[in-house]
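Down below is the structure, laid out as structure tokens.
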Amino acid sequence: MTVSGARDSSGRYSYHVVELTFIILADGEGDIASLPMVGDVNVFLKGDPDGEDFEAEVGVMVAEESYRGKGLALEALKLLLSYVTGSPASFASLPLSLVPSPPSPFPIRSESLVVRIDQENGPSIRLFERLGFVETKEVQCVR
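Heads up: the sequence shown is residues 91 to 233, going by the working numbering.
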């Protein structure tokens, strides 16, 4: 977790989480330290969590091609989204007691969650649609 701090207009020092990253490990047996890292899920916070322009950009990467298409990204995103929204029932099938309470500025409103996906990345688009995300805007990017 990356944390930044700044003094607000009242002179108080406040901390804001800027990025939260969870590592995706391969399924396997044995010691967790021996499992290979195959990807990660992230949430990047932009703006003041109490402000109208606040957004939490969600991302996922399964770097090891042999682990793609096996449901790891979906499960990792369910856990991340459950954690940052404080709403396990909305995303994961875990009992509420298994999801720890997140630190401030979490939980965040699910309406603040955004993803940015290349139009040609059909698997990612379908992945986030399964999680309830809908397309709200299309932006042309320079390639």
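Glycine is no exception: its CB is placed at the ideal position from the N, C-alpha and C atoms.
Between the C-alpha atoms of L221 and G120 there is a straight-line separation of about 30 Å.
With a minimum length of 3 residues, the unbroken runs of beta strand (DSSP E) contained wholly in the region 117 to 173 fall at 127 to 136, 145 to 152. By the neighbour-count definition (other C-beta atoms within 10 Å, threshold 16), S172 is a buried residue. Of the candidates E219, T226, D138, E219 places its Cα closest to the Cα of L164. The C-alpha of G118 lies about 43 Å from the C-alpha of E142.
L167 and V150 have their C-alpha atoms some 7 Å from each other. Membership of F218 in the alpha helix (DSSP H) is indicated by the continuous run 212 to 220. Under the three-state reduction of DSSP output, E201 falls in the helix class. Here I122 is exposed, its C-beta having fewer than 16 other C-beta atoms within 10 Å.
From the listed residues R199, A116, R216, the smallest Cα separation to V174 is found for R199.
Nearest Cα to R158 within the set Q230, A116, E225, F223: A116. In this structure, V204 and E145 form a Cβ contact; the two beta carbons are roughly 5 Å apart against a cut-off of 8 Å. Remark: C-beta atoms of G129 and V148 do not approach each other more closely than 7 Å. In the displayed model, T111 falls within a strand according to three-state DSSP. By the Cβ-count criterion, I114 is buried, with 16 or more other Cβ atoms from all chains shown falling within 10 Å of its own Cβ.
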